[in-house]
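Student: Have a look at this one.
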Amino acid sequence: MSDIILHHYPQSPVSEKVRVVFGLKDLDWRSVTIPRLPPKPDLMPMTGGYRLTPVMQIGADVYCDSHSIIREIERLNPEPTLFPGGAAGMAWGVGRWTDGPLFTSVIALVFGDAGDDLPDDFREDRGPLYFGAGYDIAQMTRDLPATLAQIRAQLQWMDDRLETRDFMLGAEPGLPDALCYYLVWFIRGRYSKGPEFLSQFQRLVPWEERVKAIGHGRPADMDSKEALAVAKAATPETPETGDDDPTGLKPGDEVTVEPIGIGLPNAVTGRIVRISAQEIAIARADEQVGDVVVHFPRVGYWVTRGGDGR
Ligand SMILES: N[C@@H](CCC(=O)N[C@@H](CS)C(=O)NCC(=O)O)C(=O)O
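Under numbering that gives the first Met the number 0, the letters of the sequence shown match residues 0 to 309, in that order.
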């Protein structure tokens, strides 16, 4: 099998989620550091327009979104499972909470806390990306106590869960640990009063240490140009498969795929190779990478016929 290549940057919380999964699976992987802000000239040829972080590449197959990355990692490396005790299914639903409303509150906390200290270029990119064109950092600063109240209640759910367990599912770590950990990691590292705020959670803090000790597996740096060359030399390995899709889409159809609720351009157009309840994979080509297949989760993504998007 080709190497697992992760396109990410160290400060990215969603990448930290994936790095913990690599640790849980004790994987060897290649690490390509991408820019924190567009343009991302060596990533765009790979994804065809998706600019969020992280992205995983295996040969000429490209996985956008941590959900599709983790699903593929679990398929390729089923042991140790991310779902100890038969927790598959609902564990993905936990991600719709942690990566959805809780993530948005944590970003509002970090942005509101940083206020005028946020670098202009970062604010002008991430403001509309996460909160739409009418984003208001000063309001986030005024709302800090209310945002903390929201987050405190939800971190307490995690803390309660750990009352009788070392990890979220039991004695062994699994996907919900990675899903909860990356937000705690982000609050600790990026909210100025993070360590003080987190210290009120008696069980969460020792759990955080246990998850941290899992590590990230074994990354080895790779240059972004080398990653482009890997894609160009490889052939996509995704077989053509369809199913009884409610939208009537099938392999061969031209579609545009884009994340729901992201306020900046992120659409990718291609021809469907694989479509299922959980995944859509589209074929596209680019001079720098040749033929690639780009994978997305279905949940959280609009898929529209043709090349125009929504
Ligand atoms: N649903 C996506 C969300 C990814 C996301 O929002 N990542 C942040 C970084 S942690 C991002 O892309 N920020 C803008 C950027 O890196 O350009 C996933 O699960 O991968």
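Think of the CB as a built atom: it goes at the ideal place given N, C-alpha and C, for glycine as much as any other residue.
Residue 223 and residue 33: beta carbons closer than 8 Å?
Tutor: yes
Student: To which residues of the same chain is residue 242 closer than 8 Å at the C-beta, ignoring the five residues directly before and after it?
Tutor: 274, 275, 276
Student: Could you spell out where the alpha helix (DSSP H) holding residue 55 opens and where it closes?
Tutor: That residue, residue 55, is in no alpha helix (DSSP H); its beta strand (DSSP E) goes 54 to 57.
Student: Out of curiosity, what's the CA-to-CA distance linking residue 283 and residue 130?
Tutor: 30 Å
Student: Would you mind sorting residue 246 into buried or exposed? The rule is 16 or more other CB atoms within 10 Å of its CB.
Tutor: exposed
Student: Measuring from the CB of residue 13, is there a heavy atom of ligand 1 at a distance below 7 Å?
Tutor: yes
Student: Under three-state DSSP, which class holds residue 140?
Tutor: Under the three-state reduction of DSSP output, residue 140 falls in the helix class.
Student: With a cut-off of 8 Å on the beta carbons, I'd call residue 215 and residue 61 a contact; round off their distance for me.
Tutor: Going by Cβ atoms, the distance from residue 215 to residue 61 rounds to 21 Å, so no, they are not a contact pair.
Student: Quick test of your reading: residue 264 and residue 47, contact by CB under 8 Å. State the CB separation rounded to the nearest angstrom.
Tutor: With a Cβ gap of about 12 Å, residue 264 and residue 47 do not count as contacting.
Student: Assess contact between the segment 163 to 180 and the segment 107 to 123, defined as three or more Cβ pairs (one per stretch) separated by less than 8 Å. Is contact present?
Tutor: Because the criterion of three Cβ pairs below 8 Å is not met, the segment 163 to 180 and the segment 107 to 123 do not touch.
Student: Excluding the 5 residues flanking residue 244 on each side, which residues of the same chain have their C-beta closer than 6 Å to its C-beta?
Tutor: 274
Student: Cβ of residue 66 within 7 Å of any heavy atom in ligand 1?
Tutor: Yes - ligand 1 has a heavy atom lying nearer than 7 Å to the Cβ of residue 66.
Student: For residue 310, does the three-state DSSP call read helix, strand or coil?
Tutor: Given a span of 0 to 309 for the chain in the structure shown, any question on residue 310 remains unanswerable.
Student: Give me, in chain order, the residues of the same chain whose beta-carbon lies closer than 6 Å to that of residue 90; leave out the 5 immediate sequence neighbours on both sides.
Tutor: 82, 174, 175
Student: Mind checking whether the beta-carbon of residue 264 lies closer than 7 Å to any heavy atom of ligand 1?
Tutor: For residue 264, the shortest separation between its Cβ and any heavy atom of ligand 1 does not lie below 7 Å.
Student: Please name the residue, chosen from 69, 230, 27, 53, that lies closest to residue 286 on a Cα-to-Cα basis.
Tutor: 230
Student: In angstroms, rounded to a whole number, what distance separates the CA positions of residue 76 and residue 3?
Tutor: 12 Å
Student: I'd like to confirm the pairing. Which residues does DSSP put opposite residue 253 in its beta bridges?
Tutor: 270
Student: For the beta strand (DSSP E) that contains residue 30, what are its first and last residues?
Tutor: 27 to 32
Student: Under the three-state reduction of DSSP, which class applies to residue 94: helix, strand or coil?
Tutor: helix
Student: On the DSSP letters alone, give me the boundaries of the beta strand (DSSP E) that residue 285 sits inside.
Tutor: Start and end: 278 to 285.
Student: According to DSSP, simplified to helix, strand and coil, what is residue 240?
Tutor: strand
Student: I believe residue 154 touches residue 200 by the beta-carbon criterion, under 8 Å. Please report the beta-carbon distance rounded to the nearest angstrom.
Tutor: That pair is a contact at about 6 Å.
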